[in-house]
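There are 2 protein chains.
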Amino acid sequence: MGIIRHTKSVKSLIQAFNESENAISVAVLLKRFKEDMNKTTVYRILDRMEESGVLHSFIGKDGDRWYSKYTENTSASSTISHPHFQCDSCGKSECLTLDINIPPLPNHKVDSASLLLIGQCQDCLIEITQ
Amino acid sequence: MGIIRHTKSVKSLIQAFNESENAISVAVLLKRFKEDMNKTTVYRILDRMEESGVLHSFIGKDGDRWYSKYTENTSASSTISHPHFQCDSCGKSECLTLDINIPPLPNHKVDSASLLLIGQCQDCLIEITQ
DNA sequence: AATATAATGCAACTTTGATGCAATAAGATA
DNA sequence: TATCTTATTGCATCAAAGTTGCATTATATT
Ligand SMILES: [Mn+2]
Ligand SMILES: [Mn+2]
Ligand SMILES: [Zn+2]
Ligand SMILES: [Zn+2]
């Protein structure tokens, strides 16, 4: 196991996540840093940041991967990972602190869960109302 | 909107789903029918079968798509679609009739959910115990 | 400053899935 | 049964997403 170096590229990624309230999809990150670094580099930095526990990832409604930094709320919420929300209108995804109870599942051992709620986010609800 | 023809290829797919208790991933279907039909045909038949309401699909833990036929239990379980289970050991996925309650989410409108429980299936639990 | 090696860029490659179009075959009609 | 209509398929081609090997570069340590 090696040390993670604080390179220019790594700093850019960290900044992007610090500036964002919500999760960021790989597709968006690749576009955003297209001029600054190779796509291979983006993928590899995300891998490292997740492995080192700075970020976590989840699968969006269309099977695409999203990354988000950990916060006090989303960090150790439970053994089973916290749920996420993805907006059907604008596509953005957020980490949720919502506590979803998983009833016991006979004849199975449930270790984790990928819980994605889908609908309209606050911004998009306001837009519709107006 | 046209009529869905009961072709040789369509029959093969229907048979595959009728013979299977669990969901089947696109990857597995492509391999299984590699000799029998073009991959484009597999994709197109799955699209049609889902659109016509014979099958439904969901996203697996690695972002890959799975298909399964509807049953009395999984059909109209609720507005929010029923949960699924994917085994971390053997990779297979199943539809669940388990009822998972989603608490109200302030400032959001939740229309559907993608709920995937991950762990060990019955077969794999037995294997470990022995 | 010199060194060790983690990180990056680049090219090549694989995988997955979509698309346009000509050929085929299912099902309806006569 | 023969004919007809068009839904479906095969095939070639393409695009997007992601991976890998390796030479080069940049970071952190001494
Ligand atoms: Mn999260
Ligand atoms: Mn199902
Ligand atoms: Zn929105
Ligand atoms: Zn299993």
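Line by line, the protein sequences are chains A and B.
Numbers 1 to 130, taken from the numbering used here, label the letters of the first sequence in order.
Numbers 1001 to 1130, taken from the numbering used here, label the letters of the second sequence in order.
Cβ atoms here follow ideal geometry from the backbone N, Cα and C, with glycine treated the same way.
Should Pro83(A) be labelled buried (16 or more other beta-carbon atoms within 10 Å of its own) or exposed? Here residue 83(A) refers to the residue found at position 83 when the first sequence is read from its first residue. Buried, because 16 or more other Cβ atoms sit within 10 Å of the Cβ of Pro83(A).
Got a sec? Which residues, its chain only, sit under 7 Å from His56(A) by beta carbon, not counting five neighbours each side? Taking the first residue of the first sequence as position 1, residue 56(A) is located at position 56. Answer for His56(A): Glu50, Ser68, Tyr70, listed in chain order.
Verify the contact flag: Cys1095(B), CB atom, against every heavy atom of ligand 2, threshold strictly below 8 Å. Reading the second sequence from its first residue, position 95 is the one you call residue 1095(B). Because some heavy atom of ligand 2 lies under 8 Å away, the Cβ of Cys1095(B) counts as near it: yes.
Report all residues from its chain with a CB closer than 6 Å to the CB of Phe1058(B); omit the five preceding and five following residues, and keep chain order. Here residue 1058(B) refers to the residue found at position 58 when the second sequence is read from its first residue. Excluding residues within five positions, the ones whose Cβ falls inside 6 Å are Trp1066, His1084.
CB contact check: His108(A) to chain B, cutoff 9 Å: Residue mapping note: residue 108(A) aligns to position 108 of the first sequence, counting from 1. With a threshold of 9 Å between beta carbons, His108(A) makes contact with chain B.
Report, in whole angstroms, the separation of the C-beta atoms of Asp1062(B) and Val1026(B), which I expect to be a contact under 8 Å. Here the question's residue 1062(B) lines up with position 62 in the second sequence. Here the question's residue 1026(B) lines up with position 26 in the second sequence. That belief does not hold up - the Cβ atoms of Asp1062(B) and Val1026(B) are roughly 12 Å apart, past 8 Å.
Where does Ala1113(B) fall in DSSP's three states? Locating residue 1113(B) in the second sequence gives position 113, counting from the first residue. Reduced to three states, the DSSP call for Ala1113(B) is strand.
Count the other CB atoms within 10 Å of the CB of Met1001(B); is the residue buried (16 or more) or exposed (fewer)? Taking the second sequence and counting its residues from 1, one reaches residue 1001(B) at position 1. Note that Met1001(B) scores a pLDDT of 44, beneath 50, so its modelled location is shaky and nothing firm can be said.
Nearest-angstrom beta carbon gap, Thr1129(B) and Cys1095(B) [assumed within contact, 8 Å]: The count along the second sequence starts at 1 and reaches residue 1095(B) at position 95. The count along the second sequence starts at 1 and reaches residue 1129(B) at position 129. Actually they are not in contact, since the Cβ atoms of Cys1095(B) and Thr1129(B) sit about 25 Å apart, beyond 8 Å.
Could you check which residue in Arg1048(B), Lys1034(B), Thr1097(B) has the C-alpha nearest to that of Leu105(A)? Here residue 105(A) is taken as the residue at index 105 of the first sequence, counted from 1. Checked all of Arg1048(B), Lys1034(B), Thr1097(B); the closest Cα to Leu105(A) is Thr1097(B).
Under 8 Å, with one C-beta from each stretch per pair, do the stretch 85-92 of chain A and the stretch 111-130 of chain A reach the 3-pair mark? In short, these stretches touch, since the Cβ pair count reaches three.
Applying the 10 Å Cβ sphere with the 16-neighbour rule, what's the burial state of His108(A)? Reading the first sequence from its first residue, position 108 is the one you call residue 108(A). Buried, because 16 or more other Cβ atoms sit within 10 Å of the Cβ of His108(A).
For Lys92(A) and Lys1092(B), what's the separation of their Cα atoms in angstroms? Position 92 of the first sequence, counting from 1, holds the residue named residue 92(A). Position 92 of the second sequence, counting from 1, holds the residue named residue 1092(B). About 30 Å.
Give a single yes or no on whether Gln15(A) has its beta carbon closer than 8 Å to a heavy atom of ligand 3. Numbered from its first residue, the first sequence carries residue 15(A) at position 15. Incorrect: Gln15(A) has no Cβ contact closer than 8 Å to ligand 3.
Just to confirm, does Cys87(A) get its C-beta within under 8 Å of one of the non-hydrogen atoms of ligand 3? One-based indexing of the first sequence puts residue 87(A) at position 87. Using a cutoff of 8 Å, the CB of Cys87(A) counts as near ligand 3, since one of the ligand's heavy atoms is closer than that.
At what residues does the alpha helix (DSSP H) containing Cys124(A) begin and finish? Numbered from 1 along the first sequence, position 124 holds the residue referred to as residue 124(A). Where Cys124(A) is concerned, the enclosing alpha helix (DSSP H) starts and stops at 122-129.
Which of helix, strand or coil does DSSP assign to Arg1065(B)? Along the second sequence, one-based indexing puts residue 1065(B) at 65. DSSP places Arg1065(B) in strand when its eight states are reduced to three.
DSSP state of Leu1096(B) mapped onto helix, strand, coil: Along the second sequence, read from residue 1 onward, the residue named residue 1096(B) stands at position 96. In this structure, Leu1096(B) counts as coil in the three-state DSSP scheme.
Taking the C-alpha atoms as reference points, what is the distance between Asn1022(B) and Glu19(A)? As a first step, residue 1022(B) is located in the second sequence; it is residue number 22 there, counting from the start. As a first step, residue 19(A) is located in the first sequence; it is residue number 19 there, counting from the start. Roughly 43 Å between the two C-alpha positions.
Which residues in chain A sit within 7 Å of Phe1033(B), going by Cβ to Cβ distance? Indexing the second sequence from 1 puts residue 1033(B) at position 33. Chain A residues near Phe1033(B): none, gap ~21 Å exceeds 7 Å.
So what's Cys1024(B) in DSSP terms, helix, strand or just coil? Within the second sequence, residue 1024(B) is the residue found at index 24, counting from 1. The amino acid at residue 1024(B) is misidentified as Cys; the sequence shows Ile. Ile1024(B) falls in the strand class under three-state DSSP.
What are the residues of the stretch 1111-1130 of chain B that lie near chain A, defined by any Cβ-Cβ distance shorter than 7 Å? Answer in chain order: Asp1111, Ser1112, Ala1113, Ser1114, Leu1115, Leu1116, Leu1117, Ile1118, Gly1119, Gln1120, Cys1121, Gln1122, Leu1125.
Counting only the same chain and skipping the five closest in sequence on each side, list residues whose C-beta sits under 7 Å from that of Val10(A). To locate residue 10(A), count along the first sequence from 1; it is residue 10. Closer than 7 Å at Cβ, skipping near neighbours: Ile45.
Helix, strand or coil at Ile4(A) according to DSSP, with G and I counted as helix: Residue numbering aside, residue 4(A) sits at position 4 when the first sequence is read from its first letter. In the structure shown, Ile4(A) sits in coil (DSSP, three-state: anything other than H, G, I, E or B).
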